[in-house]
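Okay, structure first, notes after.
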Ligand code: V47
Ligand code: SF4
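In our numbering, the protein residues as written are 213 to 602.
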């Protein structure tokens, strides 16, 4: 939408509060905490969508990023007990648990030899026997085998636990991990920062201050990271804005975040299964408000395995400019929580088609958003027969 079209839309808005927020946004001024809450409370899908889409096109035009990555989950055994988690198996109930050795993980890494993947994403449960030295050895072994593979791994939940067990400070621990080959941090473990909610849904793992400190330390060491927010359960709009506000403040200081990823709560087989899932309209409103509020985050990502492919496609009109990647995983975390995607993997051809179908420009990126290839004029069916593309 052009700047004149968005101005017309805003001046036609009957709600004076929304009109004033809209005018601020198109003047590229930051909106306040209260204005963020007002957007959630008063903004229609069409108003929020138009504003978010305008910002997205101002920042990125039609460019829509994806990457070629794969996931490894070292274990689903976890000492914590988040109420929304459908995935972890307690240490005491290990029949359904798995734990991969370094050799087993290297076997997965080696299965990508010769394939043009650029990133491995490693996240799992918090296993009491998988220590800092175990993961340092894993990082070093991966880098020795394939130095160019970007390692995006471990949430502050895992890092905080391994640092405390190893009796090292956050600064020491992060430096050791970085020197061993850790390139960046994924966005998980953030959930909802506000204590009122955190104490109910994930009381026993790292708190908001601990999560933020680990990302701040990573940024100070020159690493980049992502941030998530788990929405659509017992939180209020003010809790969502509080969460985004803390991230926006840290980003002002460090500029180390790449991407903000709203994660839709899925309710299958967990201790919060009685809570209905959010509607698709609420999902799109969430993405749109994220794009509007997080003015200093370059990218907003929709994680397609959780939303489903078509809904992820829809987010591209609500502020989103990144749909993650090929993933290639039997990722259990969402499958077990009721996601449509039971074994998420998409070929490059499928990703390109998905983006082209809604008239956006598919760009393959590296983890740090370096552009690898523009697929705008590539016919996806030609990619299907190219073994390197799948
Ligand atoms: O922190 C767990 C979430 C997260 C459920 O940085 C659930 O590129 C919904 O953060 N319903 C981990 N969500 C995954 C994650 C992530 C994924 C993809 C890319 C990146 C990135 C990060 O999964 C957890 C938690 O918030 N989660 N259970 C559930 N029932
Ligand atoms: Fe453990 Fe993560 Fe599940 Fe929480 S969400 S129980 S930390 S695996």
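In this text, a Cβ means the ideal position worked out from N, Cα and C, and glycines have one as well.
Determine the contact status of residue i and residue j, defining contact as a CB-CB distance below 7 Å.
{"i": "residue 585", "j": "residue 596", "result": "no"}
{"i": "residue 402", "j": "residue 343", "result": "no"}
{"i": "residue 537", "j": "residue 264", "result": "no"}
{"i": "residue 512", "j": "residue 477", "result": "no"}
{"i": "residue 270", "j": "residue 336", "result": "no"}
{"i": "residue 454", "j": "residue 406", "result": "yes"}
{"i": "residue 540", "j": "residue 560", "result": "no"}
{"i": "residue 487", "j": "residue 431", "result": "no"}
{"i": "residue 369", "j": "residue 418", "result": "yes"}
{"i": "residue 266", "j": "residue 218", "result": "yes"}
{"i": "residue 289", "j": "residue 311", "result": "yes"}
{"i": "residue 245", "j": "residue 457", "result": "yes"}
{"i": "residue 372", "j": "residue 422", "result": "yes"}
{"i": "residue 339", "j": "residue 287", "result": "yes"}
Roughly how many angstroms separate the alpha carbons of residue i and residue j, rounded to a whole number?
{"i": "residue 415", "j": "residue 317", "result": "30 Å"}
{"i": "residue 396", "j": "residue 223", "result": "43 Å"}
{"i": "residue 294", "j": "residue 268", "result": "34 Å"}
{"i": "residue 571", "j": "residue 272", "result": "14 Å"}
{"i": "residue 438", "j": "residue 496", "result": "20 Å"}
{"i": "residue 323", "j": "residue 361", "result": "13 Å"}
{"i": "residue 279", "j": "residue 567", "result": "13 Å"}
{"i": "residue 485", "j": "residue 297", "result": "10 Å"}
{"i": "residue 212", "j": "residue 220", "result": "Nothing can be reported for residue 212, as the shown portion of the chain is limited to 213 through 602."}
{"i": "residue 460", "j": "residue 252", "result": "17 Å"}
{"i": "residue 581", "j": "residue 589", "result": "20 Å"}
{"i": "residue 315", "j": "residue 258", "result": "51 Å"}
{"i": "residue 498", "j": "residue 474", "result": "7 Å"}
{"i": "residue 507", "j": "residue 242", "result": "7 Å"}
{"i": "residue 520", "j": "residue 493", "result": "14 Å"}
{"i": "residue 282", "j": "residue 215", "result": "39 Å"}
{"i": "residue 354", "j": "residue 514", "result": "28 Å"}
{"i": "residue 356", "j": "residue 569", "result": "40 Å"}
{"i": "residue 510", "j": "residue 341", "result": "37 Å"}
{"i": "residue 413", "j": "residue 594", "result": "46 Å"}
{"i": "residue 349", "j": "residue 517", "result": "30 Å"}
{"i": "residue 256", "j": "residue 505", "result": "16 Å"}
{"i": "residue 299", "j": "residue 226", "result": "46 Å"}
{"i": "residue 213", "j": "residue 236", "result": "17 Å"}
{"i": "residue 345", "j": "residue 351", "result": "10 Å"}
{"i": "residue 425", "j": "residue 452", "result": "20 Å"}
{"i": "residue 565", "j": "residue 587", "result": "10 Å"}
{"i": "residue 400", "j": "residue 442", "result": "9 Å"}
{"i": "residue 420", "j": "residue 574", "result": "35 Å"}
{"i": "residue 378", "j": "residue 347", "result": "12 Å"}
According to DSSP, what are the bridge partners of residue i?
{"i": "residue 438", "result": "471"}
{"i": "residue 278", "result": "576"}
{"i": "residue 537", "result": "279"}
{"i": "residue 311", "result": "287"}
{"i": "residue 272", "result": "Note: residue 272 sits in no beta bridge, so no partner."}
{"i": "residue 443", "result": "476"}
{"i": "residue 668", "result": "What the structure shows of the chain is the stretch from 213 to 602, and residue 668 is not part of that stretch, so it cannot be assessed."}
{"i": "residue 332", "result": "282, 363"}
{"i": "residue 512", "result": "472"}
{"i": "residue 397", "result": "437"}
With a cut-off of 8 Å on the beta carbons, I'd call residue i and residue j a contact; round off their distance for me.
{"i": "residue 579", "j": "residue 364", "result": "6 Å"}
{"i": "residue 321", "j": "residue 358", "result": "7 Å"}
{"i": "residue 261", "j": "residue 500", "result": "5 Å"}
{"i": "residue 389", "j": "residue 249", "result": "With a Cβ gap of about 37 Å, residue 389 and residue 249 do not count as contacting."}
{"i": "residue 247", "j": "residue 238", "result": "At roughly 14 Å, the Cβ-Cβ gap does not stay under 8 Å, so residue 247 and residue 238 are not in contact."}
{"i": "residue 382", "j": "residue 448", "result": "In fact, because the Cβ distance is near 30 Å, the residues do not count as touching under 8 Å."}
Contact criterion: CB-CB distance below 7 Å. Does residue i meet it with respect to chain B?
{"i": "residue 237", "result": "The structure shown has no chain B; it contains just one protein chain."}
(request) Indicate whether the contact test is met: 3 or more Cβ pairs, each with one atom in the segment 463-472 and one in the segment 426-435, closer than 8 Å. (result) yes
(message) Using a Cβ distance threshold of 8 Å, determine whether the segment 330-339 contacts the segment 386-393, with at least three qualifying pairs required.
(response) no
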